[in-house]
Amino acid sequence: MSSPAPSLAASLVQSVDWLAIAPPTLAAVVGLVVLVADLFVAEHRKAVLGWTSVAGLAAATALLLPLLDGDRGTFCLTGDATVCSYTADRFTLVIQFLVLGGALLAALLSVTALKDARKQLPEGEYWFLLLSSAAGAALLPASRDLATLIVALEVASLPAFALVGLRYGDRKSSEAALKFFLSSVTATAVSLMGISFVYATTGTLYLTQVADRVRHVDGQFHTLAQAGVVLTLVGFAFKTAAVPFHFWVPDTYVGAPLPIAAYLSVVGKAVGFSGLILVTVVALPSYADVWGPALAVLAALTMTVGNAGALRQQATRAYSAVRLLAWSSVGQAGYLLVPIAAAAYSEDAEKSIGSTVAYALMYGAVNLGAFAVAALVGRTKSLNRVTDYRGLYASSPMSALLLAFFLLCLAGLPPGVIGLFAKVTVFSAAVDAGLGWLAMIMAVNVVVALFYYLQWTALLFRAPEGEPGKHRVPGPVTAAIALTGVLGIALSGAPQLILRFTDTGLF
């Protein structure tokens, strides 16, 4: 009589869909290769590490194309192939494109930043940390169980702490990294406690199973489940820089190398928002009466405080340009929260989530473009004040025109048509969900934000004080500015391309 052990063992062996996990896996593998290669590459040839990293991120982004033919899942439950830990659906691919594309543009800016740093930044460690963080960020939107979600969140976050404080002998950088680290660790501990409460009441970590079981929680565990929902929201609210969990943003952006500030402003937000969407809309739709009002209030507070902070920036203050972009990113986070809150009230939650995804794509492209121009100006104006941009058109016409375009997109004014369309989409999501009060607060904030965006835009075309300085544009920075400019202009010419992502495929 044959033993049943082999058949049992065979049933527990899972086949891995290597194509589905290829994008984050390639980013992680290239990061390890760069770290090891750093031991053997001569000092004068360290630039090859940067270009290897850029090529790796470009290849990881390209690997998204073969996944467009349909949804894929891997690391699934034995006996139930529909419950998986990793799913490559349309939502996953769109966020992975935003994450890997954002990391690629940050890498292009980093090639020049590392060269200008004159050995203040260790290249091997820098590229390893950037690629590791990008791998974790690309894993997160594909995560369909709470354990994988938290692991991906920390893999994306922990290298980012080190990147912020990596500059040798820079007190400002060290303080920023410490503030970022302590705040984030606290938020992670809170969200882990929330997830443990959810697991205790449902007995599962898989998001779809949580959604089914949490509806039938015993009455005595109902309060525990609600506490789990609230605590989990707090953790992800920090990652999105939602008020009142936003205080780390300005100092962190100023203390970090500028390419890392750009990376955090886009990729960091994509990580937070995708995790927030998965936890609320996918895992906890039955608790919409808890997270819906909470996110609506957070959205109103975040956009208001972010825009108020941007208005208060003094143009002559050191690093005021970076601080203004930091506060602007807090305000933009408020707009991104609106459709997620609307999903709690809407009959078509998928359309509401699609509005957030579409807005995130627009914001990612133009915000990275603004940071790319800031990196260019920062090469000759180390204090990077808003007043340093006066007369930029006289010294670098194309950079000034593109920065003006990026700022108008963020403001939602023509010719930044894609910014206007994205804001209208978010506004419509709030109105359709019956959140008229939130739509009104958003409208007021959009008008308020026009002041500082237009003030900066006008400064670009004023007569320069003294002889205009020439801005030599290195090839990698040129490529980053050009890529974001082409993407923003193309989407403004055909905004329907980005609005097609309102069908996320999450449901």
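With the sequence shown counted from 1, adding 14 to any position gets you the working numbering.
Glycine residues also receive a C-beta, built at the ideal position from the N, C-alpha and C atoms.
Secondary structure at residue i, three-state DSSP: helix, strand or coil?
i      : result
Ser442 : helix
Arg86  : strand
Ser210 : helix
Tyr377 : helix
Ser410 : coil
Tyr220 : strand
Ser29  : coil
Which residues bound the alpha helix (DSSP H) around residue i?
i      : result
Glu139 : 137-153
Phe175 : 160-178
Val44  : 36-51
Gly426 : Careful: Gly426 lies outside any alpha helix (DSSP H) and carries neither H nor E.
Ala463 : 450-474
Pro307 : 302-325
Gln240 : 236-253
Gly502 : 489-507
Leu290 : 283-291
Gly183 : From DSSP, Gly183 is part of no alpha helix (DSSP H); its letter is neither H nor E.
Pro264 : 263-269
Leu272 : 272-277
Buried or exposed, going by whether 16 or more other CB atoms sit within 10 Å of the CB of residue i?
i      : result
Lys133 : exposed
Ala302 : buried
His5   : Given that the chain is displayed from residue 15 to residue 521, the structure contains no residue 5 and the question cannot be resolved.
Ala23  : Residue placement at Ala23 cannot be trusted, given a pLDDT of 41 that sits under 50; the coordinates are not used to answer.
Phe54  : exposed
Val50  : exposed
Gln327 : buried
Pro428 : exposed
Ala457 : exposed
Tyr6   : The first residue shown for the chain is 15 and the last is 521, placing residue 6 beyond what the model contains.
Lys193 : buried
Val500 : exposed
Gly323 : buried
Gly502 : buried
Val524 : Here the chain has residues from 15 to 521 only, and residue 524 is not among them.
Ala284 : buried
Pro509 : buried
Quiz item: Is there contact between the region 231-240 and the region 336-351, where contact requires at least three CB pairs shorter than 8 Å?
Solution: Counting C-beta pairs with one atom in each stretch, the region 231-240 and the region 336-351 have fewer than three that are closer than 8 Å, which means they do not touch.
Quiz prompt | Ranges of the beta strand (DSSP E) found wholly within the region 64-134, counting only runs of at least 3 | solution = Within the region 64-134, the complete beta strand (DSSP E) runs of at least 3 residues are 86-91, 94-102.
Exercise. Kindly provide the ranges of any alpha helix (DSSP H) runs that are 4 or more residues long and lie completely inside the region 355-405, ordered along the chain.
Key: Entirely contained in the region 355-405, the alpha helix (DSSP H) runs reaching 4 residues are, in chain order, 363-392.
Exercise. Would you check if the region 110-119 and the region 68-76 touch, i.e. whether three or more CB-CB distances between them fall below 8 Å?
Key: By the Cβ rule, the region 68-76 counts as touching the region 110-119, because three or more pairs are nearer than 8 Å.
Quiz prompt | Cβ contact check for the region 124-140 and the region 189-208: 3 or more pairs under 8 Å | solution = No: fewer than three Cβ pairs fall under 8 Å.
Practice problem: Count the CB pairs spanning the region 153-168 and the region 119-130 that are closer than 8 Å, and state whether there are at least three. | Solution: Result no; under three Cβ-Cβ pairs closer than 8 Å.
Exercise. Pair every Cβ in the region 407-416 with every Cβ in the region 425-445, then say whether three or more of these pairs are closer than 8 Å.
Key: No, they do not touch.
Self-check item: Any 3 or more C-beta pairs closer than 8 Å across the region 272-284 and the region 343-356
Solution: These segments touch.
Exercise. Report yes or no: do the region 225-233 and the region 144-155 share at least 3 C-beta pairs separated by less than 8 Å?
Key: They do not touch, by the three-pair rule.
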